[in-house]
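Report on the following structure.
Residue numbers (the working numbering), protein chains in the order written: chain B, 1141 to 1714; chain A, 18 to 367.
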């Protein structure tokens, strides 16, 4: 009995499709795990800087599309992106196995493509898996985003599968799941039945220790980002892996890269009786059936055809000589369309006001962000920084940064402020749009860590002069309690994290509504000290329209967007 | 298909699942038996719906907050005329200072009984390290935890409702690690664990209070002495802001009255004000080590009013008369501001 089970297991393991499934499950699980860990979860161990415990940006680092776009736009390769060779080189030799075996986006689509649907019953299903000319659309997209990258934009992230996945799942699906789980737990814990209540408590403890976010995250456009993803999933009900076949520019790039690969599908014409079984579970739409040329660049190497052929006519072999269609198979006119799209995109997008004299006041970028043109050339709108931000302050832009900047990160102080010692967004940014920063380089906290030794000899002021600034705070004196309503407050001053504080108080005598004289403290901003963290705006009691607000002017990344002629050095206090 | 016409071959296979009772008959109505059964079913369902609706409508009540009278616990212990009411300990080791303070006050078992459920309320409000002196010294917290265990406490909880991101505050203040190392239960402010409580104050009525503060036998207040822009200094009273959720930023509009309302709701067993490092300027957040003075002092006692008055005078030279909340508190019977007349003991520890 046991022996038979064992031999069965071995037979199954020898099937290539089973190995592929194991690989897919492993990499999808890894992706989800890393995404869940893209947040600071208070760990044991005291003091020191807060860092990510896991290489959460792993999938971006091995993404050749992001690397290529980054290289084209910046004429350099940021940090870990060299690791993308780990994928690109094997694909050049072996073909698009990455899509079929590793890519988590592909795995999700694989799963949804396997769902039963009326549109894919019987003959229709086989027809749907034949090669279709519209599969070349992805090459047009690839061409367009790469040409656009050459003009200096990171728009590739709108279509890059990992960007799309992190953005949709991290900013919409996971927060939604978190909300649902909390609602369930809350309902259970407030139940009148003791058993349900204790089950709820243990569920709460178990989930809180593993997957639940400590604070419910909220993201603007969350519903939109989630719907885009769900619609892409739904396309699988008509055409299996429509995303991978027709749209994915990373798949297109790997398809092009596989042009000279030595591994390919061998079709034994003698034994093939064109039973169509190979087409029933084909993932790539690459025509594994006998009698038709194999489309090398479309094949995801899922191995389903090899396993489903009853005559063993199909096999992957090296150095075979058989008719096949390699490369993009793109007619010149489509090629030109892609080139034109890419070439036109940047000039058209940049002709708007986002980069002109007057920037949007709400376009407050994360600490460490490069100046806007450099930022836009690197940022792939993946949402990693927004996912990791501990205060939920980083939000996907909608109108703040122009059309080109859609889904790039903006700091939204009404939702959250920039935590003084936190540099997690710069740690997770895969492309250097938010350049690597340390708490010391951020400079909002003086005399800690490396600066400890020389804190007293004037270095403090030097660090302050060079500190990162995101913008400047301003008072709306018509709404501020001490200014407009003869009422004590100054919560903004309490929260101001820099020292000396950028908000200073002046004690004045005012007249209240009853005509009585009253002494109170009115807040003012010192623009040379303000770092634009937004803590004042976040803490202001006038929540829906705070009486103190931060705008982007004065941000250290920009030379032009400044108020002061020179920043006076803060006077050392006795 | 047309249900009126059972003869079409459409319905023959489409309705294979329907019961035999609806087999084609000459009469265009159901049998008496079926009719009665259906009537029974619909009557049952109707009665159940009506009963549920009636029951639910009886349960209808406007959501009301728990009143302070039901949840307020007096955590104080009997005064002892032979023992000091306030002790001031100086030393180099915060842990030894805590141990000394307990010894001077008559031993920890005077405050913590065997089997007590103890909650410690340090200040863990800001994302700062211990050297920056914006949060209570982690060694002070750890030693108080240890003392509570020694007195036979059943449960020791360390918690606070932070201002900055709680996970960062608990982590970088070093308090989570130090308290866990001593075996305390560290509870982060989870939004789902606040209970709406009527505090019964003059201006503070219904506010969300963090649940762990509501079920304790003993509560120990562990503030750190810091500068504050509005009141000059933030000490023991101000630390109670950290038991509340909701929009605490409104409390500052009448800070003195709200401080007293809160202190009258939360009567601590003991207060230990951490003056090991004192944030003299740019409080309560600080950030710059130049603002921090090393005073290596711990002030402890059973009279929260006197303690605040003493520390304000000692480090900022603020008279009790310049802190209106102290007078309000005195009138409310929470203690006395003239700390000079208290039984006080000064001592040195290791």
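We treat Cβ as the ideally placed atom computed from N, Cα and C, and that holds for glycine.
What are the boundary residues of the alpha helix (DSSP H) that residue i is part of?
i, result
"residue 1342(B)", "1334-1350"
"residue 1318(B)", "1314-1329"
"residue 1252(B)", "1244-1253"
"residue 292(A)", "From DSSP, residue 292(A) is part of no alpha helix (DSSP H) but of the beta strand (DSSP E) over 287-296."
"residue 1366(B)", "1362-1374"
"residue 1664(B)", "Run containing residue 1664(B): none in the alpha helix (DSSP H); it sits in the beta strand (DSSP E), 1657-1665."
"residue 1299(B)", "It is not in any alpha helix (DSSP H) - residue 1299(B) carries neither H nor E in the DSSP assignment."
"residue 184(A)", "183-189"
"residue 1444(B)", "1444-1448"
"residue 337(A)", "Neither: residue 337(A) is in no alpha helix (DSSP H) and is coded neither H nor E."
"residue 1201(B)", "1198-1201"
"residue 1160(B)", "1156-1176"
Which residues does DSSP list as the beta-bridge partners of residue i?
i, result
"residue 1404(B)", "1457(B)"
"residue 112(A)", "Its beta-bridge partners do not exist; DSSP assigns none."
"residue 212(A)", "226(A)"
"residue 238(A)", "138(A) and 288(A)"
"residue 249(A)", "245(A)"
"residue 167(A)", "Its beta-bridge partners do not exist; DSSP assigns none."
"residue 1551(B)", "1534(B)"
"residue 1462(B)", "Looking at the DSSP assignment, residue 1462(B) forms no beta bridge with any residue, so it has no partner."
"residue 355(A)", "DSSP output for residue 355(A) lists no bridge partner at all."
"residue 202(A)", "174(A)"
"residue 106(A)", "315(A) and 364(A)"
"residue 1118(B)", "Nothing about residue 1118(B) can be read from this structure; chain B reaches only from 1141 to 1714."
"residue 91(A)", "284(A)"
"residue 1212(B)", "BP columns for residue 1212(B) are empty, so no partner."
"residue 1685(B)", "Paired residue(s): none; residue 1685(B) is not in a bridge."
"residue 1434(B)", "1464(B)"
"residue 261(A)", "226(A)"
What is the residue span of the beta strand (DSSP E) that residue i lies within?
i, result
"residue 172(A)", "172-176"
"residue 245(A)", "241-245"
"residue 317(A)", "309-318"
"residue 1643(B)", "1643-1651"
"residue 1691(B)", "1688-1691"
"residue 1615(B)", "1612-1615"
Please report the Cβ distance between residue i and residue j, rounded to the nearest whole angstrom; I am assuming they are in contact, meaning their Cβ atoms lie under 8 Å.
i, j, result
"residue 1235(B)", "residue 1403(B)", "6 Å"
"residue 169(A)", "residue 124(A)", "12 Å between Cβ atoms; not a contact."
"residue 1610(B)", "residue 1504(B)", "5 Å"
"residue 362(A)", "residue 236(A)", "Actually they do not touch by this definition, with Cβ atoms about 23 Å apart."
"residue 269(A)", "residue 1630(B)", "7 Å"
"residue 1778(B)", "residue 1477(B)", "In the structure as shown, chain B begins at 1141 and stops at 1714. Residue 1778(B) is therefore absent and cannot be evaluated."
"residue 204(A)", "residue 141(A)", "So it is not a contact: roughly 11 Å between Cβ atoms."
"residue 1253(B)", "residue 1308(B)", "With 8 Å as the limit, residue 1253(B) and residue 1308(B) do not qualify as a contact, their Cβ atoms being about 18 Å apart."
Given 7 Å as the limit, tell me if residue i has its C-beta closer than that to any heavy atom belonging to the ligand ADP.
i, result
"residue 166(A)", "The ligand ADP is absent from the structure shown, which contains no ligands of any kind."
Exercise for the section: Examine the Cβ distances between the region 154-161 of chain A and the region 108-120 of chain A and report whether three or more of them are shorter than 8 Å. Expected result: Yes, the region 154-161 of chain A is in contact with the region 108-120 of chain A.
Practice task
Check whether the region 1510-1526 of chain B touches the region 1283-1294 of chain B, taking contact to mean three or more Cβ pairs, one atom from each stretch, closer than 8 Å.
Solution key: In the pairwise beta carbon analysis, the region 1510-1526 of chain B is classified as touching the region 1283-1294 of chain B: at least three pairs are separated by under 8 Å.
Exercise for the section: Decide yes or no for the touch test of the region 1225-1233 of chain B against the region 1300-1319 of chain B: beta carbon pairs closer than 8 Å, at least 3 of them. Expected result: No contact exists between the region 1225-1233 of chain B and the region 1300-1319 of chain B.
Practice task
Check each residue of the region 283-303 of chain A: if its Cβ is closer than 7 Å to any Cβ of chain B, include it; give the result in chain order.
Solution key: Within the region 283-303 of chain A, the residues whose Cβ lies closer than 7 Å to any Cβ of chain B are, in chain order, 298, 299, 301, 302 and 303.
Practice task
Please determine if the region 1421-1439 of chain B and the region 1398-1412 of chain B are in contact, where contact requires at least 3 C-beta pairs separated by less than 8 Å.
Solution key: Output reads yes: the region 1398-1412 of chain B touches the region 1421-1439 of chain B.
Practice task
Could you tell me whether the region 1210-1226 of chain B touches the region 1352-1365 of chain B, where touching means 3 or more Cβ pairs closer than 8 Å?
Solution key: No: the two stretches stay apart, fewer than three of their Cβ pairs being nearer than 8 Å.
Practice task
Report yes or no: do three or more beta-carbon pairs, one from the region 250-269 of chain A and one from the region 222-235 of chain A, lie closer than 8 Å?
Solution key: Three or more pairs of CB atoms, one per stretch, sit closer than 8 Å, so the region 250-269 of chain A contacts the region 222-235 of chain A.
Practice task
Report the residues of the region 1351-1379 of chain B with a CB closer than 8 Å to any CB of chain A, ordered along the chain.
Solution key: Flagged, chain order: 1354, 1355 and 1356.
Handout entry: Contact list for the region 1462-1488 of chain B against chain A, Cβ threshold 8 Å
Key = Answer in chain order: no residues at all.
Problem - Residues within the region 1602-1631 of chain B neighbouring chain A, beta-carbon criterion of under 8 Å - result: Answer set for the region 1602-1631 of chain B: 1621, 1627, 1628, 1629, 1630 and 1631.
Problem - Against chain A: residues of the region 1636-1662 of chain B by CB proximity under 8 Å - result: Legend: CB atoms of the region 1636-1662 of chain B lying less than 8 Å from CB atoms of chain A belong to residues 1636, 1637, 1638, 1639, 1640, 1641, 1645 and 1661.
Exercise for the section: Note down, in chain order, all residues in the region 1527-1554 of chain B with a beta-carbon under 8 Å from any beta-carbon belonging to chain A. Expected result: Answer set for the region 1527-1554 of chain B: 1530 and 1531.
Exercise for the section: With 8 Å as the C-beta to C-beta threshold (strictly closer), list the residues of the region 159-186 of chain A near chain B in chain order. Expected result: Residues passing the 8 Å Cβ filter: 180, 181, 182, 183, 184 and 185.
Problem - Near-chain B residues of the region 221-255 of chain A (beta-carbon distance less than 8 Å), N- to C-terminal order - result: Within the region 221-255 of chain A, the qualifying residues are 245, 246 and 247.
Practice task
Return the residues of the region 197-210 of chain A that lie within a Cβ-Cβ distance of less than 8 Å from chain B, sorted by chain order.
Solution key: Those residues of the region 197-210 of chain A that come within reach of chain B (Cβ to Cβ, closer than 8 Å) are 197, 205, 207, 208 and 209.
Practice task
Specify whether the region 275-295 of chain A and the region 237-244 of chain A touch according to this definition: at least 3 beta carbon pairs, one from each stretch, less than 8 Å apart.
Solution key: Output reads yes: the region 237-244 of chain A touches the region 275-295 of chain A.
Problem - Under 8 Å (Cβ pairs) to chain B, residues found in the region 255-283 of chain A - result: Shown in chain order are the members of the region 255-283 of chain A whose Cβ falls below 8 Å from a Cβ of chain B: 264, 266, 267, 269, 270, 271 and 272.
Practice task
Report yes or no: do three or more beta-carbon pairs, one from the region 1413-1433 of chain B and one from the region 1255-1274 of chain B, lie closer than 8 Å?
Solution key: Segments in contact, yes.
Exercise for the section: Could you tell me whether the region 1343-1354 of chain B touches the region 1306-1326 of chain B, where touching means 3 or more Cβ pairs closer than 8 Å? Expected result: They touch, by the three-pair rule.
Handout entry: contact_flag[the region 264-283 of chain A, the region 325-345 of chain A] where n(CB pairs < 8 Å) is 3 or more
Key = With the cut-off at 8 Å, the region 264-283 of chain A and the region 325-345 of chain A touch.
Handout entry: Positions along the region 1321-1333 of chain B whose CB lies within less than 9 Å of some CB in chain A
Key = Listed in sequence order: 1322, 1325, 1326 and 1329.
Practice task
Could you say if the region 1624-1642 of chain B and the region 301-316 of chain A meet the contact criterion of at least three C-beta pairs nearer than 8 Å?
Solution key: Yes, they touch.
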